[in-house]
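In this note's numbering, the protein residues as written are 121 to 329.
Don't be surprised by glycine CBs; every beta carbon is placed ideally from N, CA and C.
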Amino acid sequence: MPNANLYDGSGETAGTVELPDDIFGREVKGHLIWEAVRSQLANKRAGTAHTKDRSEVNASTAKLYRQKGTGRARAGSAKSPLRYGGGTTFGPKTRDHTIRMPKKARRAALHGALSDRAGEGAVLVVESLGFEKPRTRDFAAILGKLGIAGEKVLLVLDEYDENVCLSARNIRNLDFITGRELNTYQVMWADKLLLTRAALEQVKEVFGS
């Protein structure tokens, strides 16, 4: 069973905590993780890019000039893609970029991503985080004590605490999320996962087998 270092609310070492095998001790399947990341990024695309082809351009359909005798190439429409202001050939069209994955495959990919981070010793657990008022300097000091300042950190909370979120939001390369919202892309984006004890219990409850 994998372990993670445990820290108190000030960033001091408080021992270790066991991570469940069914979430953090699974086989890492790289291609499945890639598919999950690809799917999530594709699903975030708006798909609203659209160019007008010659059937959509608002222009006269009258023949521009007579067919013969001008010495110029024949031209029949101002909507031609060859002309300035004409339609676009093979341009992007509004479409749905969604890539669907089965629920079991998404869950397996997340387990693999979490297992990968746990295998690298990149999972840290803190007893709790609490601030009387928002203060970024105090949160940065905790990250410094944990030895993860300057790295990409995903902070996993059991619920969004206003003071914690306001203290963390201005720190570069740090993102925060609740345990029930964990996803493969954000786990793989982060160099370190910092979970509160309550968030770890939430992850066990939501994603455990």
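Shortest Cα-Cα distance from Y280 to any of I268, D295, H170, E138 involves D295. One thing to note: K312 has its Cβ within 8 Å of the Cβ of L244.
For I262, no beta strand (DSSP E) segment is defined; the enclosing uninterrupted segment is the alpha helix (DSSP H) at 256-266. For Y185, the secondary structure class from DSSP, reduced to helix, strand or coil, is coil. When the beta-carbon positions are compared, A156 and R237 stay at least 8 Å from each other. Inter-residue distance for S180 and R220 is about 43 Å (C-alpha atoms, whole angstroms). When C-alpha distances from S235 are compared across G264, E147, E271, Y127, the shortest belongs to E147. Taking all protein chains shown into account, V276 has 16 or more neighbouring C-beta atoms within 10 Å of its C-beta and is therefore buried. Note on geometry: alpha-carbon atoms of A198 and K183 lie some 8 Å from one another.
In this structure the segment 284-302 does not touch the segment 157-176; the number of beta carbon pairs closer than 8 Å is below three. Annotation for T304: the continuous alpha helix (DSSP H) segment containing it runs 304-309.
By the neighbour-count criterion, in which a residue is buried when 16 or more other Cβ atoms sit within 10 angstroms of its Cβ, V326 is exposed. In the displayed model, G135 falls within a strand according to three-state DSSP.
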